[in-house]
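> The working numbering puts the first residue of the sequence shown at 1402, with every later residue one more than the last.
What follows is a single structure, and I will ask about it in a moment.
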Amino acid sequence: MTERLIITGNGFDLAHGLKTSYKDFYEQIPIEVKSSWEELLCNFKIDTDNWYSFEELIDKLSLEWYFKYFIDSVENDKKKEEILNKQIQKINLLFLEMTSCLYNYLDNIDELSIIENENIKNAIQPSDFVISFNYTKFAQNYSDNVYYIHGSLDEKHIVLGYKQREANPTGILAEATVFDKKKLREQLNFRRYLIGIGLSEKAIETEIAEFNSHVSCMFSGRGGYLFDYSPSLNEEFINYNTKWYEEKSWSTFNRFRKADPIIYPCLLDEQLRNERLQQISKIINDYGEINNFLPAPICMNIDFTNVKELIILGHSLEADEELIVDIINELDNLEKIKLFVYSGEDYSNKISFLNNVSDRNVEIVYY
């Protein structure tokens, strides 16, 4: 069993001579898409020198839209609300189109242009686990165990969005959180589940269309999936759950570990399922039962307790802060961290980030 865990970000692809940066992509994006993007940012007075910082900017744009919507709602200005509702539809559709453009751009990158990197080759063994934050498959040139945490070109589905906000404004609308990576990863996990049970592409799209409302509910103030039990059954359900949690004392959520399912008495279990199936599809119900109707854990099939060495290749760290922190916190037996950097790169922020998460020394390695 390998004792090394590798995390790769876009710098990994760039180190192989691939033009996979958002800046490279932005220079090739269709002019009408680029113009619409820049116009939206200007309309919402979002200052930026980097039009291509997509993930950061969709976060700012969504929040700015919500603040305007909230003000107009308080003022009861229905006309402005209607205009803003059309604007958020335009924002979300445009960003979906940009995601599609990014997929097509990366899918057409010439694999023959790869430049081998000896330092990377010496750092990774075929048996090492790799968590790739990239969409390309080039990490498979080095390892047989690659997990694509944000989707991949081969899957024809990629996650492009913003990292977890420190705090969402109270009552924020689902329309302003469409590109929250937590939501996008949940949708990706469900898609992978549907593929795993052999559904056709048409059936997959039908299930996902319904599942999206449950994703919105899961990450709202309400939580859980979008269904309701009858009052008497709901009371019995809540009482049983409360007792279960008190006896088991397990956490309701861990990003990488699946919690034990709640085992209901047969009659109660059957009644709960029957009422759910009147409101949601059987496939969504089955998936929900597997995950206790909570956000699904990220199951990478990695034994974190066995990892003694963490190697970070080309990830900015802050872009996926919550995930990186959680991964490192899982590494109970970690002994050392290696950080790959470019000559002349200012990596002080990365060192500070790692020092705040782990007390292990960070060894600098140059590409």
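We treat Cβ as the ideally placed atom computed from N, Cα and C, and that holds for glycine.
Source: prediction; values computed, not measured.
Going by the DSSP bridge assignment, what does V1763 pair with across the sheet?
Along the sequence shown, one-based indexing puts residue 1763 at 362. According to DSSP, which records beta bridges pairwise, V1763 is partnered with I1738.
> Have a look at the DSSP bridge pairing and note the partners of V1531.
Stepping through the sequence shown from its first residue, residue 1531 is reached at position 130. According to DSSP, V1531 bridges with I1407 and V1547.
> Just confirm the distance between the C-beta atoms of E1731 and F1705, as a whole number of angstroms; I'd bet it's less than 8 Å.
In the sequence shown, the residue the question calls residue 1731 occupies position 330. In the sequence shown, the residue the question calls residue 1705 occupies position 304. Confirmed, Cβ separation roughly 4 Å.
> Taking DSSP as the reference, what is the three-state secondary structure of H1417?
Reading the sequence shown from its first residue, position 16 is the one you call residue 1417. Of the three classes helix, strand and coil, the one that applies to H1417 here is coil, per DSSP.
> Select from S1463, A1540, K1491 and N1477 the residue whose C-alpha is nearest the C-alpha of D1414.
Position 13 of the sequence shown, counted from the start, is the residue given in the question as residue 1414. Comparing Cα-Cα distances from D1414 to each of S1463, A1540, K1491 and N1477, the minimum goes to A1540.
> To which residues of the same chain is P1662 closer than 8 Å at the C-beta, ignoring the five residues directly before and after it?
Numbered from its first residue, the sequence shown carries residue 1662 at position 261. Here the set comprises E1690, I1691 and N1693.
> Across which residues does DSSP place S1553 in a beta bridge pair?
Indexing the sequence shown from 1 puts residue 1553 at position 152. S1553 pairs with H1558.
> Going along the chain, which residues of its own chain have a beta-carbon closer than 6 Å to the beta-carbon of I1779, five neighbours each way excluded?
Beyond the ends of the chain as shown, which are 1402 and 1768, falls residue 1779; an answer cannot be given.
> For K1649, which residues in the same chain have their Cβ closer than 8 Å to its Cβ, ignoring the five residues on either side in sequence?
Residue numbering aside, residue 1649 sits at position 248 when the sequence shown is read from its first letter. The answer, listed in chain order, is D1661.
> Under DSSP, the beta strand (DSSP E) around L1714 begins and ends at which residues?
On the sequence shown, residue 1714 is found 313 positions in, with the first residue counted as 1. Residues E1710 to L1714.
> Answer with buried or exposed for A1416, where buried requires no fewer than 16 other C-beta atoms within 10 angstroms of its C-beta.
Locating residue 1416 in the sequence shown gives position 15, where the first residue counts as 1. Under this definition A1416 is a buried residue.
> From the DSSP output, in three-state form, read off D1721 for me.
What you label residue 1721 is simply residue 320 of the sequence shown in a count that begins at 1. Three-state result, D1721: helix.
> Pick helix, strand or coil for D1581, following the three-state DSSP scheme.
Counted from its first residue, the sequence shown places residue 1581 at position 180. Note: D1581 maps to strand in three-state DSSP.
> May I ask you to report which of helix, strand or coil DSSP gives Y1467?
The residue given as residue 1467 occupies position 66 in the sequence shown. Of the three classes helix, strand and coil, the one that applies to Y1467 here is helix, per DSSP.
> R1677 to S1621, Cα distance in whole Å?
In the sequence shown, residue 1677 corresponds to position 276, counting from 1. In the sequence shown, residue 1621 corresponds to position 220, counting from 1. Approximately 20 Å, taken between the alpha carbons.
> Give the straight-line distance between the Cα atoms of E1637 and C1667, rounded to the nearest whole angstrom.
Looking up residue 1637 in the sequence shown gives position 236. Looking up residue 1667 in the sequence shown gives position 266. Rounded to the nearest angstrom, the two C-alpha atoms are 13 Å apart.
> Is the distance from the Cβ of L1441 to the Cβ of I1492 below 8 Å?
Mapped onto the sequence shown, residue 1441 falls at position 40. Mapped onto the sequence shown, residue 1492 falls at position 91. Yes. Within cutoff.
> Whole angstroms are fine: how far does the CA of S1617 sit from the CA of D1629?
Here the question's residue 1629 lines up with position 228 in the sequence shown. Here the question's residue 1617 lines up with position 216 in the sequence shown. Straight-line Cα distance between these residues: approximately 15 Å.
> So if DSSP puts Y1563 in a beta bridge, which residue, or which two residues, is it bridged to?
Taking the sequence shown and counting its residues from 1, one reaches residue 1563 at position 162. According to DSSP, Y1563 bridges with D1581.
> Could you pull the start and end residues of the alpha helix (DSSP H) that M1619 belongs to?
Taking the sequence shown and counting its residues from 1, the one referred to as residue 1619 is at position 218. Residues E1602 to M1619.
> Could you work out which residue in D1529, I1699, G1715 and L1711 is closest to N1734 when comparing CA atoms only?
Here residue 1734 corresponds to residue number 333 of the sequence shown, with the count starting at 1. If we check each option's Cα against that of N1734, L1711 comes out closest.
> Along the chain, where does the alpha helix (DSSP H) that runs through G1689 open and close?
The residue you call residue 1689 lines up with position 288 of the sequence shown. Run containing G1689: K1683 to I1691, per the alpha helix (DSSP H) assignment.
> Using C-beta distances below 8 Å, list every residue in its chain close to L1600, excluding the 5 sequence neighbours before and after it, in chain order.
Here residue 1600 corresponds to residue number 199 of the sequence shown, with the count starting at 1. Correct list, in chain order: E1608 and I1684.
> Alpha carbon to alpha carbon, what distance is there between I1573 and E1456?
Here residue 1456 refers to the residue found at position 55 of the sequence shown. Here residue 1573 refers to the residue found at position 172 of the sequence shown. Going from the Cα of E1456 to the Cα of I1573 covers about 19 Å.
> Just the Cα atoms here: how many angstroms apart are I1725 and S1633?
For the purposes of this step, residue 1725 is taken as residue 324 along the sequence shown, with counting starting at 1. For the purposes of this step, residue 1633 is taken as residue 232 along the sequence shown, with counting starting at 1. Taking the straight line joining both Cα atoms gives about 43 Å.
> What did DSSP end up calling A1697 once you bin it into helix, strand or coil?
If you number the sequence shown from 1, residue 1697 lands on position 296. Coil, per DSSP.
> If you reduce the DSSP assignment to three classes, tell me which class W1438 lands in.
The residue given as residue 1438 occupies position 37 in the sequence shown. Here W1438 sits in helix by DSSP.
> Would you mind giving the Cβ-Cβ distance between T1403 and S1528, rounded to the nearest angstrom? I have them listed as a contact below 8 Å.
To locate residue 1403, count along the sequence shown from 1; it is residue 2. To locate residue 1528, count along the sequence shown from 1; it is residue 127. Contact flag correct, Cβ pair sits at about 5 Å.
> V1531 and N1518 - do their beta-carbons sit closer together than 8 Å?
Translated into the one-based positions of the sequence shown, residue 1518 becomes position 117. Translated into the one-based positions of the sequence shown, residue 1531 becomes position 130. Not in contact: N1518 and V1531 (Cβ atoms no closer than 8 Å).
> May I ask you to verify whether the stretch 1750 to 1765 touches the stretch 1428 to 1445, counting CB pairs closer than 8 Å and requiring at least 3?
No, the stretch 1750 to 1765 is not in contact with the stretch 1428 to 1445.
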